[in-house]
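Each residue of the sequence shown is one higher than the one before, counting from 1 in our numbering. Cβ coordinates follow ideal geometry from the N, Cα and C atoms, glycine included. Here the structure is a predicted model, which is why all the values come from computation and not from measurement. Read the structure below first, then the notes.
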Amino acid sequence: MSEQRSLWAKYRSIPLVYRIGVAFVLGSILGLIFGDTMTRLQPLGDLFIRLLKMVVIPIVFFTLIMGMKRLTPSKLGKIGGQTVLFYVVTTAIAIVIGLFIANMTSPGVGLTLKTQGEIAAKEAPNIMKVIVDIVPKNVVGAFADGNVLQTIFFAITFGIALAVLQENGSENIQKGAETIFNLVETCAEAMFKIVWGIMEYGVIGIFALMASVFGQTGVNAILPFAKLIGSLTLAVTVHIILTYLLVIIIGFVGQSPLAFLRGVKDAMLTALSIRSSSGTLPVSMSNAEDDLMIDESVFSFTLPLGATINMDGTAMYQGVAAIFAANLIGQTLTIGQQMTVVLTTTLASIGTAGVPGSGLIMLSMVLTQLGLPLEVVGFVAGIDPILDRLRTMNNVTGDLAVTTLVAKLNNAIDFTKGVWVSEDSKNIVG
Ligand code: ASP
Numbered sequence: 001m002s003e004q005r006s007l008w009a010k011y012r013s014i015p016l017v018y019r020i021g022v023a024f025v026l027g028s029i030l031g032l033i034f035g036d037t038m039t040r041l042q043p044l045g046d047l048f049i050r051l052l053k054m055v056v057i058p059i060v061f062f063t064l065i066m067g068m069k070r071l072t073p074s075k076l077g078k079i080g081g082q083t084v085l086f087y088v089v090t091t092a093i094a095i096v097i098g099l100f101i102a103n104m105t106s107p108g109v110g111l112t113l114k115t116q117g118e119i120a121a122k123e124a125p126n127i128m129k130v131i132v133d134i135v136p137k138n139v140v141g142a143f144a145d146g147n148v149l150q151t152i153f154f155a156i157t158f159g160i161a162l163a164v165l166q167e168n169g170s171e172n173i174q175k176g177a178e179t180i181f182n183l184v185e186t187c188a189e190a191m192f193k194i195v196w197g198i199m200e201y202g203v204i205g206i207f208a209l210m211a212s213v214f215g216q217t218g219v220n221a222i223l224p225f226a227k228l229i230g231s232l233t234l235a236v237t238v239h240i241i242l243t244y245l246l247v248i249i250i251g252f253v254g255q256s257p258l259a260f261l262r263g264v265k266d267a268m269l270t271a272l273s274i275r276s277s278s279g280t281l282p283v284s285m286s287n288a289e290d291d292l293m294i295d296e297s298v299f300s301f302t303l304p305l306g307a308t309i310n311m312d313g314t315a316m317y318q319g320v321a322a323i324f325a326a327n328l329i330g331q332t333l334t335i336g337q338q339m340t341v342v343l344t345t346t347l348a349s350i351g352t353a354g355v356p357g358s359g360l361i362m363l364s365m366v367l368t369q370l371g372l373p374l375e376v377v378g379f380v381a382g383i384d385p386i387l388d389r390l391r392t393m394n395n396v397t398g399d400l401a402v403t404t405l406v407a408k409l410n411n412a413i414d415f416t417k418g419v420w421v422s423e424d425s426k427n428i429v430g
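Encoded structure:
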């Protein structure tokens, strides 16, 4: 009995991210070795995704209300403006990097297009409609649908109203508002506790997800697309190192890139495993609070917003895939066409949800815009579960990098605690 307990204690003493990392690699390898039988593990992985989804809306709702306690509407406007600006600029940079790398690697040369049936084009989301839809018709409906943008909107208005009442209401109302804030704070903390519990289960969940996806796809299906997967991997790596680490974290924030990576590793691994930025939100928020030491007033707003409107990896993939599609039919994209990709995709990524596979839907829009064969969507659909992981990991890292920058600009981050003070992060940058 005591031996069992000490084994468990030993297991728990290994940092969670290593246990998850090993589960990820082991799952992938066993999936490739044992093939289709491993898909039976899928329900264990689905359980992990459901657990995370369970806490997305409550965590967004509670932390945003708490955030509003410390934000005046004008400060919120300033933070909102900065956040959207950085999100859009980093997305545009991501697409340019994607296009540049794909121009060099020509990922589709040497392949012939085998079609898999008719693919319907998807319309670009109308930007006005996206804006009008932010206001929920029905608050409970917004929660029930898991609509993050609508939940953000309601939580902000409710939080501001509470903060105003706490200042100006009658004595009773002031007390009531304070009680609600205290309650909400407790609820938010409880949600974070649940997230860490879910991550403990994540070791099994992630093992199952990886075993199942590689069991299904198999090496033979992946090999012809090696150049496409390689190009996207290269583009994602370059964007993370150049834009996030060098420019944002070292250049603007003035901190160690290793410390940042240590602070966001759980979110990155989760995104890689579940391929949904919205689903990863609870983990990104825990990382922002407990590791990056960012104040709730910033991350409670910027992260849910980022999970819905900021998709650097997804946008970058459109550039890579457009060139891949052009290669397949022996064409090249003109500079004008490549500019179209940058514009369409930057706008489209704002209106596309951070859920598995949405990047593939966006691709049908981009290809239509460029007059390239839509069949390419069907052609790459088989390996999308792999490409999607890279895109989502990039999306989530981008949300956290911009959040760190906005927090720094608004003095809402504590660099004397958390990952920023661990050994190897000292003295890298003044
Ligand atoms: N799965 C991605 C996300 O959730 C979107 C995509 O690229 O398909 O961020």
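Item to check | Pair within 8 Å by beta-carbon distance, V298 and N168 | outcome: Cβ atoms of V298 and N168: not closer than 8 Å.
Item to check | C-alpha gap between L71 and N395, whole angstroms | outcome: Distance from the CA atom of L71 to the CA atom of N395, rounded to whole angstroms, is 26 Å.
Next on the checklist: Any residue with its C-beta under 6 Å from a non-hydrogen atom of ligand 1 counts. Can you list them all in chain order?
Outcome noted: Close to ligand 1, as judged by a C-beta nearer than 6 Å to any of its heavy atoms, are the residues R275, S276, S277, M311, T314, G354, V355, P356, G357, S358, G359, D388, R391, T392 and N395, in chain order.
Item to check | Buried or exposed (CB count within 10 angstroms, at least 16 for buried), T83 | outcome: The residue is buried, with at least 16 neighbouring Cβ atoms inside 10 Å.
Checklist entry - Assuming A307 and S277 make a contact with CB atoms under 8 Å, what is their CB distance in whole Å? => result Going by Cβ atoms, the distance from A307 to S277 rounds to 4 Å, so yes, they are a contact pair.
Item to check | Cβ distance (whole Å) where A208 is taken to contact Q318 below 8 Å | outcome: Contact annotation, A208 with Q318: C-beta distance approximately 30 Å; criterion of less than 8 Å not satisfied.
Item to check | Residues of its chain near H239, where Cβ-Cβ distance is below 6 Å and the 5 sequence neighbours each way are ignored | outcome: Cβ within range, chain order: A94 and I97.
Checklist entry - Between L360 and I152, is the Cβ-Cβ spacing less than 8 Å? => result No, they are not a contact pair.
Checklist entry - Distance, Cα to Cα, I49 vs G279? => result Each residue's Cα considered, the two are about 7 Å apart.
Checklist entry - Among I57, N220, T90 and I33, which residue has its Cα nearest to the Cα of A315? => result Answer by Cα proximity: T90.
Next on the checklist: What ranges does the alpha helix (DSSP H) occupy inside the stretch 199 to 269, keeping only unbroken runs of at least 4 residues that lie completely in it?
Outcome noted: Those alpha helix (DSSP H) runs which fall completely within the stretch 199 to 269 and span 4+ residues are 226 to 239.
Item to check | Cutoff 8 Å; reference I198; Cβ partners in own chain excluding five residues on either side | outcome: For I198, same chain residues with a beta-carbon under 8 Å away, outside a window of 5 residues either side, are F48, L51, L52, V55 and P282 in chain order.
Item to check | DSSP beta-bridge partners of I413 | outcome: DSSP, once it has assigned bridges, lists I294 as partnering I413.
Next on the checklist: Assess contact between the stretch 354 to 374 and the stretch 230 to 246, defined as three or more Cβ pairs (one per stretch) separated by less than 8 Å. Is contact present?
Outcome noted: Contact check between the stretch 354 to 374 and the stretch 230 to 246: fewer than three CB pairs, one atom from each, fall below 8 Å, which does not count as touching.
Checklist entry - In chain order, what residues of the same chain have a beta carbon less than 7 Å from the beta carbon of Y201, not counting five sequence neighbours either side? => result F48 and L51.
Checklist entry - What residue ranges within the stretch 301 to 338 form continuous beta strand (DSSP E) runs of no fewer than 3 residues, ordered along the chain? => result Listed in chain order, there is nothing to give.
Item to check | Where the alpha helix (DSSP H) containing D36 begins and where it ends | outcome: Where D36 is concerned, there is no enclosing alpha helix (DSSP H), because DSSP gives it neither an H nor an E.
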